[in-house]
Amino acid sequence: MPITDDKNIAPYSYSWFYHWYYGKITSYMDDGLQKDYYKECEYVALWFNRVRGNSVLPLFFKDNTDFNNWVEHYGGFKIILRYQYYKIIHYPIEADKETIIDIIIKALMQIYKNGDISK
106 MPITDDKNIA PYSYSWFYHW YYGKITSYMD DGLQKDYYKE CEYVALWFNR VRGNSVLPLF
166 FKDNTDFNNW VEHYGGFKII LRYQYYKIIH YPIEADKETI IDIIIKALMQ IYKNGDISK
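All the letters of the sequence shown, read from the start, carry residue numbers 106 to 224 under the numbering used here.
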């Protein structure tokens, strides 16, 4: 099921992914409980589901214990039901915000390279 805007199928391009996901990603980086936490970490668990264009949850963490604590805090079962899949992404320590966003966007492009994830 491709994403459409009336008659046009959304293109598979870096600019489309950047435009579509940038706000979703930065909201977790700039607001709420994980505000600026990415600066202290070197991993992000990118939670997603089958359909390209649906919401994603980037969860920044330092190590396995930190990851488990964040998943528990966010209600792990709810995360699993809503997002279904996750991919752990490593990024350089002290990477700037735009570099991390670029890494996440490229990971999403790889995940959805053939459109939606089939069942």
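For each residue, glycine too, the CB sits at the ideal point set by N, CA and C.
- Counted as a single uninterrupted DSSP element, the alpha helix (DSSP H) harbouring Ala-212 occupies residues 202 to 216.
- By the neighbour-count criterion, in which 16 or more other beta carbons inside 10 Å mark a residue as buried, Ile-130 falls on the buried side.
- Using a Cβ-Cβ distance cut-off of 8 Å, the stretch 146 to 154 and the stretch 189 to 206 are in contact, since at least three pairs of beta carbons, one from each stretch, lie closer than that value.
- For Tyr-190, the secondary structure class from DSSP, reduced to helix, strand or coil, is strand.
- For Tyr-148, the enclosing beta strand (DSSP E) covers residues 148 to 153.
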